[in-house]
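Structure first, then comments.
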Amino acid sequence: MVERSGSSITTALALAGGGLARKSRAAVRHGWLAAASPYCWYSRSPRSSRHPSAWPFRRQGSANGKTSAPAPFEPTNWQTVWLDHISFEVSNYKETVAFYTALLGWKPGTDEGSQNQCEIGDVGGIIIRRGGGGNRGGGAGTTPPARRAGMGHIAFGITPFDPDQVKMELEKRGLTASPDTGGRGDIHTAAYKSYHTTTPNGYNLQISATTRANRAG
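With numbering that gives the first Met the number 0, you'll find the sequence shown wraps up at 216, consecutive numbering, no jumps.
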């Protein structure tokens, strides 16, 4: 049985083999064998198969709504209620749609010639579009294309969503607000309403009026 203290670990492993004793001392010294940790890979617990490099550092309790850094501006009081879509750019969008449909059960939409908007169950949507160079659309080429994929942007549906109010709140906080209706007219009257803004890391973030209830069927 492996004891909890560093010295006892060394002794126990030494009995199993001289080489292990030296390794165990190094492990204790570097903190790999944390005696009090329930995730020790050498223990007989249900997590005993985990190597130190795979120790989980996920939150163990419920979210408390507190951040470790000060808020960059006053809260908007918006609530994210839907994953509108992820924009997934790939070399071969047709092949990618077929892959995720077969593997994860995503539901393909209409093939638009350059992209396909799929439904990810009751989670939200994803637009799989051609991009990144290479073989665009899936036709055969003479030279095998580079296999690339990237996430162009992500869109979250929020509530409440009033076009003028959302624009004002974004700009009041020093954020950009570029309207996007999917080419369907004015944001006040279009069926699809959204704004693009930029995160502090320079990422393209889209905020839309889409919810589980009003998403396109």
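Backbone N, C-alpha and C fix where the C-beta goes; we use that ideal spot for every residue, glycine too. Since we're looking at a predicted model, the values are computed, not measured.
List the whole-angstrom C-beta distance separating residue i from residue j, where the pair is believed to meet the contact cut-off of C-beta under 8 Å.
{"i": "ARG129", "j": "GLN116", "result": "Between GLN116 and ARG129 the Cβ distance is about 13 Å, and since that is not below 8 Å, they are no contact."}
{"i": "PHE87", "j": "ILE119", "result": "Actually they are not in contact, since the Cβ atoms of PHE87 and ILE119 sit about 11 Å apart, beyond 8 Å."}
{"i": "SER218", "j": "ALA208", "result": "One cannot answer for residue 218 here, as it falls past the ends of the chain, which runs 0 to 216."}
{"i": "THR180", "j": "ALA189", "result": "4 Å"}
{"i": "GLY149", "j": "ASN203", "result": "Incorrect: roughly 11 Å between the Cβ atoms, too far for contact."}
{"i": "LEU169", "j": "THR196", "result": "6 Å"}
For residue i, is the classification buried or exposed, using 16 other Cβ atoms within 10 angstroms of its Cβ as the cut-off for buried?
{"i": "PRO37", "result": "Because PRO37 carries a pLDDT of 40, less than 50, the predicted location of this residue cannot be relied on, and no value is offered for it."}
{"i": "ASN200", "result": "exposed"}
{"i": "THR95", "result": "buried"}
{"i": "LYS93", "result": "buried"}
{"i": "ASN91", "result": "buried"}
{"i": "GLN205", "result": "buried"}
{"i": "PRO71", "result": "exposed"}
{"i": "GLY182", "result": "exposed"}
{"i": "ARG28", "result": "Note that ARG28 has pLDDT 43, beneath the 50 cutoff, so the model's placement of it is unreliable and the number below is only indicative. By the neighbour-count rule (16 or more Cβ atoms within 10 Å), ARG28 is not buried but exposed."}
{"i": "PRO162", "result": "buried"}
{"i": "GLY124", "result": "buried"}
{"i": "VAL165", "result": "buried"}
{"i": "SER122", "result": "Checking the displayed sequence, the identity of residue 122 turns out to be Val instead of Ser. With fewer than 16 other Cβ atoms within 10 Å, it is exposed."}
Could you pull the DSSP bridge partners for residue i from this structure?
{"i": "GLU118", "result": "LYS106 and GLY124"}
{"i": "TYR194", "result": "PRO178 and ILE206"}
{"i": "PHE155", "result": "LEU82 and ILE206"}
{"i": "ARG129", "result": "VAL89"}
{"i": "GLY149", "result": "GLU88"}
At a cut-off of 7 Å, would you count residue i as near the ligand NAP, judging by its Cβ distance to the nearest heavy atom?
{"i": "THR175", "result": "No copy of the ligand NAP appears in this structure; indeed no ligand is present at all."}
Which runs of the beta strand (DSSP E) spanning at least 3 residues fall entirely within the segment 78–111, listed in chain order? Within the segment 78–111, the runs of beta strand (DSSP E) that reach at least 3 residues and sit entirely inside it are, in chain order, 78–89.
*asked:* Between the segment 149–164 and the segment 71–90, can you find at least three pairs of beta-carbon atoms closer than 8 Å?
replied: Flag = yes, the segment 71–90 and the segment 149–164 touch.
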